[in-house]
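Participant:
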Amino acid sequence: MEALLEFLSFQDPSVRMVTLGAVILTASSALVGSFTFLKKKALIGDAVAHAVLPGVCLAFLLSGEKNPLLLIIGAFITGWLSLNIIDFVTNESKIKEDTAIALVLSVFFGFGILLLTFIQHGDYAEQSGLDHFLFGQAASLVGEDLIIFLSVGLLLIALILLFFKELTLISFDRQFAQTSGLPVKWLELLLTSMTVLAVVIGIQAVGVVLMAAMLITPPAAARYWTDYLPRMVLLAAIFGAFSGFSGALISYVSPAMPTGPWIVMVATTIALLSILFAPARGIIFKMKRQQENQLKILTENILKSFYHLGQKHQDMKHRYSFDEIHSIRPSIPKPRLKKGLRVLEKEGFLRKKENSYRLSAEGTEKGKRVVKLHRLWEVYLTEYLYLDPDHVHDSAETMEHVITPELEKKLEEMLNYPDRDPHDEEIPYT
Amino acid sequence: MKKKILQADNPVTEVHDLTVTYDRKPVLWDIDLTLPKGSVIGVMGPNGAGKSTLIKAMMGLLPLASGYVKMFDEKLDDVREQVSYVPQRGTVDWDFPALVKDVVLMGRYSKIGLFKRPRQSDKEIAMDCLRKVNMEAFAERQISQLSGGQQQRVFLARALAQHADLYFMDEPFVGVDMATEKAIVDLLQEMSAKGKTVVVVHHDLQTARQYFDWIVLLNTRLVASGPTKEVLTDELLAETYGGKLTLLNEVSQEIKNKEFPNREE
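The listed protein sequences correspond, in order, to chains H and Z. Residues in the first sequence are numbered from -7 upward in steps of one, following the working numbering. Residues in the second sequence are numbered from 19 upward in steps of one, following the working numbering.
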């Protein structure tokens, strides 16, 4: 707890630096990842992430020191090489892209682990910390390393902003981009290189094994909240940054813990929350909408029954007991019917006195409208789809709840206000 | 006469000795034709005849095994600004996070240039083009909410926004409602009246006579190219849609299986 407060106070300059580093790195990889995600190339990120490991190790072996610039160059070379091999294998052989990715990813990663083991068992003074590349250690983002990583991160952010419109076009419609004269090959090369760079700088905080999650999870979560691309990309960056921030915090509070898994856990939690709670696309929202639809169907059916009963008694204000209502619609379970009646009363469509109910003026109107829509739809099906009159009722049972006032108007005009439905029942207009 | 290839008087584009292969197997053999300026041109033929392949190859989207294409007597790369391409509607993901007006604005990107943001004039052109296809009311809609016909209109508006002189459209009438088809045809005719040329991949023979001034009949090889009246004859149609070139297919298959080059190097 004390460590947590200490971290959050940002008194310690190294805390400030580590946090800044983790935030910029994860935000920039989420930005780049947004376009990989939209191009449906998520697995490519995973392949690059694994393929940079041998590059890092080779750079260390050849130079004998942990110079961040050299490590970046090494990582960039093998990461970039892996992508080209994937492309080459896909284009020149019968092997499909998913297989090529799996093949390349494992062979590069395997080679990386071999080199790493060799280094760890060798006599290298500076090797400590190299294993952080596997699962990440945000706390190691200090000093000169940090400056270099930060510059690359800021460069990536700047490139995304500069090429935003072109990257959008090649992600949405590559063919059109090509025919309208954009340098598509060049732009794709740029995006590939940016993906590799994002991975290379991200692995300090997240590690090669889990880096793909930092490219893909934030944009996938952000997609749930908006249909507007700039907003989606911004949200992805914020989600990424927040995950990075938590990683820095964990790294400070519990230095023995690898940061990568924590960052990924936080990002995944955000994604899960998005899948559940995002408006319009989220699961909860969809469930709620279905519930609302169910309630609409229930209440409209009750009003329709009242209307039918009123016509039979030639008195719309007639009162009915609960049991009478239930006997008309025995298929509705009693508790559900009770709920429907309660809602209708609350909304002013029914009046309740003791244990009996009657239609209000608004309720009569609404019941009448449902009956009208039902019968109009039956006319439509017989006249336009040539269905037999005994085949139209079931469809009308649903459509009467779906048709909006605009569609209602169109339907009336199209059918020219018919008086009677196919069963010779009167169609009530207001 | 099994073949009728007429040359255009004022050609806007010329295809010379064009061969295209997929995985070594030729899908278009030696296509040689010219297309007239200011007309609505239909590219027709049975499924798998290579109709889309032809316009993709002309637009530089596919590598050519042999031959060349000229537009306005120049190489395509030198006249890109004057040429517009409308891909098949199904080739993009309509769930992409974009608004209708954003997609139309994409037609302006090459004119806006790298690093720059769309100017007010670009936005006005985009809105104007949406109006031409009767979609201005949908400008702020998310593209995933559009029907097939509306998607096609948006693609058309994007092409119009390019202000080109020569348009290539891949199956613009597939899966669209009658109203959209009529609206598109009217627009195409209006464009040709203004001297623009429109090349349309189409496969409904019924409407071809009415829609097009010039027709290209294709079935792996070029069967006919000429004014609609002279080309839409029973004999040429039978040649295009009927007789299977089994031997040609077998030879193609052989090239693919044995991995022969298509032309001697």
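For every residue, glycine included, the Cβ atom is placed at its ideal position computed from N, Cα and C. As the structure is a prediction and not an experimental result, all values here were calculated from the model.
Helix or strand or just coil, what does DSSP make of residue 60/H?
Facilitator: If DSSP states are grouped into helix, strand and coil, residue 60/H belongs with the helices.
Participant: To the nearest angstrom, report how far apart residue 170/H and residue 129/Z are at their CA atoms.
Facilitator: Each residue's alpha carbon lies about 14 angstroms from the other.
Participant: Which first and last residues belong to the alpha helix (DSSP H) in which residue -6/H is found?
Facilitator: Per DSSP, residue -6/H belongs to the alpha helix (DSSP H) from -6 to 1.
Participant: Leaving out the 5 sequence neighbours to the left and right, which residues in its chain are closer than 6 angstroms to residue 41/H when beta-carbon positions are compared?
Facilitator: Answer for residue 41/H: 191, 200, 203 and 204, listed in chain order.
Participant: Are residue 241/Z and residue 61/Z touching if we call contact CB-CB under 8 angstroms?
Facilitator: No, Cβ-Cβ distance for residue 241/Z and residue 61/Z is not below 8 angstroms.
Participant: What separation, rounded to the nearest whole angstrom, lies between the Cα atoms of residue 245/H and residue 131/H?
Facilitator: So the two alpha carbons sit approximately 10 angstroms from each other.
Participant: If we count Cβ pairs, one from each stretch, closer than 8 angstroms, do we get three or more for the stretch 208 to 221 of chain Z versus the stretch 174 to 185 of chain Z?
Facilitator: Because the criterion of three Cβ pairs below 8 angstroms is met, the stretch 208 to 221 of chain Z and the stretch 174 to 185 of chain Z touch.
Participant: Cβ of residue 206/H within 8 angstroms of Cβ of residue 259/H?
Facilitator: The answer is yes: Cβ separation under 8 angstroms.
Participant: Please go through the same chain and pick out, in chain order, the residues whose beta-carbon is closer than 6 angstroms to the beta-carbon of residue 346/H, but skip the five residues on each side of it.
Facilitator: For residue 346/H, where only same-chain residues beyond five positions count, there are no Cβ hits under 6 angstroms.
Participant: Please state whether DSSP places residue 247/Z in a helix, a strand or coil.
Facilitator: Three-state result, residue 247/Z: helix.
Participant: Does the distance from the CB of residue 373/H to the CB of residue 384/H come in under 8 angstroms?
Facilitator: Yes, these two residues count as a Cβ contact at 8 angstroms.
Participant: Below 8 angstroms on the Cβ atoms is my guess for residue 102/H versus residue 70/H; work out the distance and round it to an integer in Å.
Facilitator: That belief does not hold up - the Cβ atoms of residue 102/H and residue 70/H are roughly 13 angstroms apart, past 8 angstroms.
Participant: Report all residues from its chain with a CB closer than 6 angstroms to the CB of residue 94/Z; omit the five preceding and five following residues, and keep chain order.
Facilitator: These residues qualify, in order along the chain: 78.
Participant: What distance in whole Å lies between the Cβ atoms of residue 177/Z and residue 102/Z, which are believed to be in contact at a cut-off of 8 angstroms?
Facilitator: Yes, they are in contact, since the Cβ atoms of residue 102/Z and residue 177/Z sit about 4 angstroms apart, within 8 angstroms.
Participant: Inspect the beta-carbon positions of residue 29/Z and residue 64/Z and report whether they are closer than 8 angstroms.
Facilitator: In this structure, residue 64/Z does not lie closer than 8 angstroms to residue 29/Z by Cβ.
Participant: Taking only beta-carbon positions, decide if residue 3/H is within less than 8 angstroms of chain Z.
Facilitator: Chain Z contact via Cβ: absent.
Participant: Output needed for residue 422/H: all residues of its chain with C-beta closer than 7 angstroms, excluding positions within five of it in sequence on either side, in chain order.
Facilitator: Closer than 7 angstroms at the Cβ level, and outside the excluded window around residue 422/H, lie 357 and 360.
Participant: When DSSP labels each residue in this structure, what does residue 165/Z get in the three-state scheme?
Facilitator: Here residue 165/Z sits in coil by DSSP.
Participant: On the DSSP bridge assignment, give the partners of residue 289/Z in chain order.
Facilitator: Only positions 19 to 283 of chain Z appear in the structure, and residue 289/Z is not among them; the question remains open.
Participant: Use the C-beta contact count for residue 76/H: other C-beta atoms within 10 angstroms, 16 or more gives buried, fewer gives exposed.
Facilitator: Answer is exposed; the Cβ neighbour count stays below 16.
Participant: Quick check: is the beta carbon of residue 182/H nearer than 8 angstroms to any beta carbon in chain Z?
Facilitator: Output row for residue 182/H: interface = no.
Participant: Would residue 210/H pass as a contact of residue 197/H if the rule is Cβ separation under 8 angstroms?
Facilitator: Taking 8 angstroms as the Cβ cut-off, residue 210/H and residue 197/H do not qualify as a contacting pair.
Participant: In three-state terms, what does DSSP make of residue 90/Z?
Facilitator: Correct three-state label for residue 90/Z: coil.
Participant: Of the residues that make up the stretch 215 to 247 of chain H, which ones have a beta carbon closer than 8 angstroms to any beta carbon in chain Z?
Facilitator: Result list: 215, 218, 219, 220, 221 and 224.
Participant: Mind pulling the beta strand (DSSP E) runs of 3 or more residues that sit fully within the stretch 181 to 236 of chain Z?
Facilitator: The qualifying runs are 184 to 187 and 215 to 219.
Participant: Residue 316/H lies in the beta strand (DSSP E); which residues open and close that run?
Facilitator: Careful: residue 316/H lies outside any beta strand (DSSP E), inside the alpha helix (DSSP H) at 314 to 320.
Participant: How should residue 81/Z be labelled, buried or exposed, when 16 other C-beta atoms within 10 angstroms of its C-beta is the threshold for buried?
Facilitator: Under this definition residue 81/Z is an exposed residue.
Participant: Establish whether the CB of residue 180/Z and some CB of chain H are separated by less than 8 angstroms.
Facilitator: It does: the Cβ of residue 180/Z has a partner Cβ on chain H nearer than 8 angstroms.
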